[in-house]
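Peer 1: Counting in the numbering used here, the sequence shown runs from 6 upward without gaps.
Note that beta-carbon positions come from the ideal geometry of N, C-alpha and C, so glycine has one too.
Quantities reported herein were computed from a predicted structural model and do not represent experimental measurements.
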Amino acid sequence: MSIIDFYCMPGSPPCAFLDLTGAMLGIDHRFRYHSKEFRRSETLEEDFIKINPQHTVPVIIDEGFTLWESRAICKYLVAKYGKEEHKNLYPADIKTRAIIDQRLDFDLGILYARFYEYYYWQLIDGSPLSEVRFKLLQEALGFLNSFLEGSKFAVGSNMTLADLNILVSIETMRISGIGVEQYPNIVRWFELVKSMTPKFEKIMKPYRKHHNDVVDHYLEATVFQRNQKIISDLATSDKN
Ligand SMILES: N[C@@H](CCC(=O)N[C@@H](CS)C(=O)NCC(=O)O)C(=O)O
Numbered sequence: 006m007s008i009i010d011f012y013c014m015p016g017s018p019p020c021a022f023l024d025l026t027g028a029m030l031g032i033d034h035r036f037r038y039h040s041k042e043f044r045r046s047e048t049l050e051e052d053f054i055k056i057n058p059q060h061t062v063p064v065i066i067d068e069g070f071t072l073w074e075s076r077a078i079c080k081y082l083v084a085k086y087g088k089e090e091h092k093n094l095y096p097a098d099i100k101t102r103a104i105i106d107q108r109l110d111f112d113l114g115i116l117y118a119r120f121y122e123y124y125y126w127q128l129i130d131g132s133p134l135s136e137v138r139f140k141l142l143q144e145a146l147g148f149l150n151s152f153l154e155g156s157k158f159a160v161g162s163n164m165t166l167a168d169l170n171i172l173v174s175i176e177t178m179r180i181s182g183i184g185v186e187q188y189p190n191i192v193r194w195f196e197l198v199k200s201m202t203p204k205f206e207k208i209m210k211p212y213r214k215h216h217n218d219v220v221d222h223y224l225e226a227t228v229f230q231r232n233q234k235i236i237s238d239l240a241t242s243d244k245n
């Protein structure tokens, strides 16, 4: 049995997508995990930069072949390890595949990106949650809700990689306190896809904890930095 080296980070959404895909394909026992700690900036270490100059996880090394970007990795894993029963995850039919790609790109560039800009930005520079960014996120959720109108899954009547990818985005929003109750098609789809995803709870339970721990840590650090700045600004204005 060949081993797949999997560079990951606890609580990372794209790594969770890869974990779910591995479980779906029944190849998760091949994963040899190399965990990188965000708080210790381990992705910026020289050894890791040599593997991925973009310094992001997930990265896989499969029999000497190195790949990063979660969506590209999951497509590769389906192509290489998928059996007959997995072929619908990323099928050969070019039109179906094109729509799956469209949904994956929608998640990368619109849905998850808008969530990232709304929610994670406060952790990066301490900027307050923005109403405009929240409206843009709601618009993206509305798009997803409309894609799911009359459609069992993200693309037609079979579960695909697009479902697993978007499942992680919606779950990440949910645990970050962004509910989707006002989008009935998303609610219906979310419950269905969750129930059809092997090891969903086993993978997502530690994921939720690590994700929230990292968020709490960064919120504390950011608030601390903001307070330090206010104090130092006040000290400067006292001197003038
Ligand atoms: N689009 C990428 C996103 C990867 C990404 O941003 N990963 C984060 C963790 S969630 C990371 O590695 N951050 C560390 C860094 O940028 O140094 C994917 O889907 O793989």
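Run through DSSP, which three-state label would Val64 get?
Peer 2: It is a strand residue.
Peer 1: For Ile66, I'd like the list of residues in its chain whose CB is within less than 7 Å of its CB, leaving aside the five on either flank, ordered along the chain.
Peer 2: Same-chain partners within the cutoff: Asp10.
Peer 1: Asn150 and Asn190 look like a contact to me (Cβ under 8 Å); what is the Cβ gap, rounded to whole Å?
Peer 2: With 8 Å as the limit, Asn150 and Asn190 qualify as a contact, their Cβ atoms being about 5 Å apart.
Peer 1: Quick one: grab the DSSP three-state call for Asp130.
Peer 2: Looking at Asp130 - three-state DSSP - the assignment turns out to be helix.
Peer 1: Taking 7 Å as the line, does the beta carbon of Arg45 fall inside it for any heavy atom of ligand 3?
Peer 2: Among the ligands present in this structure, namely ligand 1, ligand 3 is not found.
Peer 1: Helix, strand or coil: how does DSSP classify Asp10 here?
Peer 2: In the structure shown, Asp10 sits in a strand (DSSP, three-state: E or B).
Peer 1: If you pair each beta-carbon of the segment 15 to 24 with each one of the segment 203 to 212, do three or more pairs fall below 8 Å?
Peer 2: Yes, they touch.
Peer 1: May I have the straight-line CA-CA distance separating Tyr86 from Phe229, to the nearest angstrom?
Peer 2: When rounded, the distance between both Cα atoms is 47 Å.
Peer 1: For Phe152, which of helix, strand or coil comes out of DSSP?
Peer 2: Here Phe152 sits in helix by DSSP.
Peer 1: Alpha carbon to alpha carbon, what distance is there between Leu153 and Trp194?
Peer 2: Straight-line Cα distance between these residues: approximately 8 Å.
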